[in-house]
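Using my numbering, the first residue of the sequence shown is number 150, and each one after it goes up by one. C-beta: ideal position from N, C-alpha, C; glycine also. Note that this is a predicted model, so its numbers are computed, not measured. Below is one structure, written out as structure tokens; comments come after it.
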Amino acid sequence: MKKQFKTESKKLMDLMINSIYTNKEIFLREIISNASDAIDKLHYMSLTDKSIKVNKKDFEIFLTINKENRTLTISDNGIGMDKDELENNLGTIAKSGSEEFKSDNEHKKNIDIIGQFGVGFYSAFMVAEKVEVLSRKYGSDEAYLWESTGVDGYTITKKEKEGYGTDIILAIKPDTEEEDYSKYLETYEIETLVRKYSDYITYPIKMEVSHTHLKEKKNENDEDEYETVTEVEVINSLTPIWRRDKKKVSDEDYDTFYSDKFNDYEKPLRHIHVKAEGTFEYNALLYIPSHAPYDFYTKDYEKGLQLYSNGVLIMEKCSDLLPDYFSFMKGVVDSPDLTLNISRETLQQNRILKTIANSIESKIKKELETMLEENKEDYEKFFKDFGLQLKYGIYNDFGMNKDKLQDLLIYHSSFEDKTTTLKDYVSRMKTDQKSIYYACGETVDKIKMLPQVSAATEKGYEVLYCTDPVDEFVFMTLRNYMEKDFINVCGEKMDLDTEEEKEELKKANEEAKDIFDIMKESVPEVSEIRFTNKLKEHPVCLSSKGDISVEMEKALSSMPINNGIKANKVLEINQNHEIAKTLKKLSKKDKKELEDYAKVLYAQARMIEGLPVENPTEIASLVCKYMVK
Numbered sequence: 150m151k152k153q154f155k156t157e158s159k160k161l162m163d164l165m166i167n168s169i170y171t172n173k174e175i176f177l178r179e180i181i182s183n184a185s186d187a188i189d190k191l192h193y194m195s196l197t198d199k200s201i202k203v204n205k206k207d208f209e210i211f212l213t214i215n216k217e218n219r220t221l222t223i224s225d226n227g228i229g230m231d232k233d234e235l236e237n238n239l240g241t242i243a244k245s246g247s248e249e250f251k252s253d254n255e256h257k258k259n260i261d262i263i264g265q266f267g268v269g270f271y272s273a274f275m276v277a278e279k280v281e282v283l284s285r286k287y288g289s290d291e292a293y294l295w296e297s298t299g300v301d302g303y304t305i306t307k308k309e310k311e312g313y314g315t316d317i318i319l320a321i322k323p324d325t326e327e328e329d330y331s332k333y334l335e336t337y338e339i340e341t342l343v344r345k346y347s348d349y350i351t352y353p354i355k356m357e358v359s360h361t362h363l364k365e366k367k368n369e370n371d372e373d374e375y376e377t378v379t380e381v382e383v384i385n386s387l388t389p390i391w392r393r394d395k396k397k398v399s400d401e402d403y404d405t406f407y408s409d410k411f412n413d414y415e416k417p418l419r420h421i422h423v424k425a426e427g428t429f430e431y432n433a434l435l436y437i438p439s440h441a442p443y444d445f446y447t448k449d450y451e452k453g454l455q456l457y458s459n460g461v462l463i464m465e466k467c468s469d470l471l472p473d474y475f476s477f478m479k480g481v482v483d484s485p486d487l488t489l490n491i492s493r494e495t496l497q498q499n500r501i502l503k504t505i506a507n508s509i510e511s512k513i514k515k516e517l518e519t520m521l522e523e524n525k526e527d528y529e530k531f532f533k534d535f536g537l538q539l540k541y542g543i544y545n546d547f548g549m550n551k552d553k554l555q556d557l558l559i560y561h562s563s564f565e566d567k568t569t570t571l572k573d574y575v576s577r578m579k580t581d582q583k584s585i586y587y588a589c590g591e592t593v594d595k596i597k598m599l600p601q602v603s604a605a606t607e608k609g610y611e612v613l614y615c616t617d618p619v620d621e622f623v624f625m626t627l628r629n630y631m632e633k634d635f636i637n638v639c640g641e642k643m644d645l646d647t648e649e650e651k652e653e654l655k656k657a658n659e660e661a662k663d664i665f666d667i668m669k670e671s672v673p674e675v676s677e678i679r680f681t682n683k684l685k686e687h688p689v690c691l692s693s694k695g696d697i698s699v700e701m702e703k704a705l706s707s708m709p710i711n712n713g714i715k716a717n718k719v720l721e722i723n724q725n726h727e728i729a730k731t732l733k734k735l736s737k738k739d740k741k742e743l744e745d746y747a748k749v750l751y752a753q754a755r756m757i758e759g760l761p762v763e764n765p766t767e768i769a770s771l772v773c774k775y776m777v778k
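Below is the structure:
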């Protein structure tokens, strides 16, 4: 007699099958997890009830494919179910036998229950047109068969079964234009799904696997002959590497796991093996890659760690486990404390997940600090690929994470022409130095040639060379480091002059005011023209006033939406260069030529800064004009 599902309607069944699960292939994960639960229950009972005689070594899950009948069978030798349990566990949608088992046992931490017999079981209907559950409870001579084709109800009949445990027989749906259901009858596909989702189930998952071999030749001249041999193989790894004793895992083991798991041809720079115990438990194996994937700095890149619950893959990429600035990390996290929703696809509570994420973040940061301190060469390699992401981490979220990340920054420096941390820079500062000096440009070599950089280094000051467009935004966000402000040597705040030098320069600029007024008429793009004494042999440079520097203007102009933000540019002319004398002479005899000189000098300053010359034809003609004089 066909019975109806007790508590839910066809609508709920349709919603569960069609909406809750994001991909159909997880049906196998759910059923294998339930099989593991059934074995766990029997194993646990054997520990508390001496009348139960079972050997843990005999426990197994067996998968059988019958292509002719289009069936996939998942068998276990666990606790099994009697008629009432079939009725209660499978006849009521969302009835969780595992949850009841856990709540009924005070010592539930001694056993892993990963499945949720109920909704998870019904994922089978995504790929099967009919599901049969043949089960015999341990200690009973009676077996029962539960059958259903889905929303129209189910039947339970008495049957024969050798041995205790449960067989779940799935009659795989016929193929459609949209779905290839036949793939679930292929050995390779089933092996792939087991290794993807259930590789670390603690019991062996067995299956008949066929291999084709070249037969041994009796004579050298014989033609090649092949034979197919079918053998029962264990297709899961059983114990994951992250649960093994660190002392018994070699670096080669770690690297091999990384290569196989994440399809990377290069060894990682570092691995972090974590076993956390206490109010919550988790194991993790994290890797710092040695290079960035091709799409790392694109919108297509998807961050996240693989999330497991007791060895069962729950999420391929759990983004909540990593902050954006550590999005380069690869690895796995496994915790028995996660509370999953009915589809096991998402988490009901994220409090534990957040706690785990905070712990992981701390361990990543510590590992990076250790690498920076103990192996600068490796860290420089890491920073070349992922340093930009750390800088974004400081700049984003209104600088909320700047204190966490500032000591992980390194910059190429004028000191010994090597990279340095901000901390080391400050440790070398002159006693009376109040600021950290930096300069920005496309490359280190171009920055070195900036007149303002030469002026600073010749006076014995160290300069950081910033080649990423985000660098100035990072310094603006940091504001200061160890109470030392950041000063752009090309900005108006740069001040290395003595009071006497300042007074002399002020007087020279006041005397040349009329000259600069004439020049400014031909280069209205600059807000000011003035003499400077910081350029030594260089005739001219372009600096800026205010918070927007020339390099920031270049960075902003490259963005899709830049609102036309411009730096407040200042054309500075070397007071001690021959060009200064020439300008004074021209102001007295040829105003037009003075204006032309201003155009050439401004164009020169723009080229030094890496800015385009807006009127190249005119400038080229003027340069030729003065070359032939």
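- Simplified DSSP state of Thr298, which is helix, strand or coil: strand
- Query: Does the pairing of the stretch 758-765 with the stretch 692-711 give three or more beta-carbon distances under 8 Å?
  - Reply: yes
- Item | Distance between beta carbons of Gln601 and Cys113, contact taken as under 8 Å | Because the chain here runs from 150 to 778, residue 113 falls outside it and cannot be looked at.
- Could you name each continuous alpha helix (DSSP H) segment of 4 residues or more that falls completely within the stretch 322-367, going from the start of the chain to the end? 336-346
- When the Cα atoms are used, what is the spatial distance from Glu522 to Ala604? Straight-line Cα distance between these residues: approximately 32 Å.
- Task: Under 7 Å Cβ to Cβ from Met668, same chain only, skipping five residues before and after it: list those, please.
- Result: Ile678, Leu743, Glu744 and Ala747
- Query: Can you find a heavy atom of the ligand MN that lies under 7 Å from the Cβ of Ile463?
  - Reply: The ligand MN is absent from the structure shown, which contains no ligand whatsoever.
- Query: Taking DSSP as the reference, what is the three-state secondary structure of Asn637?
  - Reply: DSSP places Asn637 in strand when its eight states are reduced to three.
- Task: Starting from Gln455, follow the beta strand (DSSP E) in both directions and report where the run begins and ends.
- Result: Element bounds for Gln455: Leu454 to Ser458.
- Message: Val699 and Lys683 - do their beta-carbons sit closer together than 8 Å?
- Response: Annotated as distal: Lys683 and Val699, with beta-carbon spacing of 8 Å or more.
- With DSSP collapsed to three states, give me the class of Asp413. coil
- Query: How many angstroms separate the CA atom of Glu106 from the CA atom of Tyr431?
  - Reply: Any answer about residue 106 is impossible in this case: the structure gives the chain only from 150 up to 778.
- Query: DSSP state of His687, grouped into three classes?
  - Reply: If DSSP states are grouped into helix, strand and coil, His687 belongs with coil.
- Task: Evaluate Val672 with the Cβ neighbour count: other Cβ atoms within 10 Å of its Cβ, from every protein chain shown; 16 or more gives buried, anything less gives exposed.
- Result: Label assigned to Val672: buried.
- Task: Could you pull out every residue in the same chain whose Cβ sits closer than 6 Å to the Cβ of Ile505, ignoring the five residues on either side in sequence?
- Result: Tyr431
- Item | Asp469 to Met150 span [Cα, whole Å] | 48 Å
- Helix, strand or coil: which one does DSSP assign to Leu434? strand
- Burial state of Asp189 (16 or more Cβ within 10 Å): Asp189 comes out buried.
- Item | Between the CA atoms of Gln724 and Thr681 - distance to the nearest angstrom | 6 Å
- Message: Does Met776 pass the burial test, meaning 16 or more other C-beta atoms within 10 Å, or should it be called exposed?
- Response: exposed
- Message: If contacts are defined as beta-carbon pairs under 8 Å, then Val593 and Thr616 qualify, I think. What distance do you get, rounded to the angstrom?
- Response: 6 Å
- Query: When the Cα atoms are used, what is the spatial distance from Thr377 to Glu174?
  - Reply: 28 Å
- Item | Sequence-distant residues of its chain with Cβ nearer than 6 Å to Lys258 (five each side left out) | Low local confidence applies: a pLDDT of 45 at Lys258 is under 50, so the model's placement there is unreliable, with the coordinate-based value given in what follows. If you ignore the 5 residues before and after Lys258, its C-beta comes within less than 6 Å of no other C-beta in its own chain.
- Query: In its own chain, which residues sit with a C-beta less than 6 Å from the C-beta of Asp402, not counting the 5 before and 5 after it?
  - Reply: none
- From what residue to what residue does the alpha helix (DSSP H) around Leu196 run? Leu196 -> alpha helix (DSSP H) spans Phe176 to Thr197.
- Query: According to the neighbour-count rule (16 or more other Cβ atoms, all chains shown, within 10 Å of its Cβ), is Ile714 buried or exposed?
  - Reply: exposed
- Express the C-alpha separation of Phe274 and Ser492 in angstroms, rounding to a whole number. Residue confidence for Ser492 is low, a pLDDT of 46 falling below 50, so the modelled location carries little weight and cannot support an answer.
- Query: Taking the C-alpha atoms as reference points, what is the distance between Ile722 and Asp696?
  - Reply: 22 Å
- Message: Quick check on Ser563: does DSSP put it in helix, strand or coil?
- Response: coil
- Query: At a cut of 8 Å, does the stretch 576-589 reach the stretch 610-630 through at least three beta carbon pairs?
  - Reply: yes
- Between the Cα of Val383 and those of Lys279, Asp573 and Glu340, spot the shortest distance and give me the residue it belongs to. Glu340
- Could you say which of Gly312, Glu372, Val749 and Asn183 lies nearest to Ser764 if we only look at CA atoms? The question names Ser, but residue 764 is Asn in the sequence shown. When C-alpha distances from Asn764 are compared across Gly312, Glu372, Val749 and Asn183, the shortest belongs to Val749.
- Message: Quick check on the DSSP output: the beta strand (DSSP E) that includes Glu721 runs from which residue to which?
- Response: Asn717 to Asn723
- Task: Identify whether Leu760 lies in helix, strand or coil by the three-state DSSP scheme.
- Result: Looking at Leu760 - three-state DSSP - the assignment turns out to be coil, as it is neither helix nor strand.
- Query: Run through DSSP, which three-state label would Tyr541 get?
  - Reply: helix
- Item | Buried versus exposed, by CB contacts within 10 Å (16 or more), Tyr375 | By the neighbour-count rule (16 or more Cβ atoms within 10 Å), Tyr375 is not buried but exposed.
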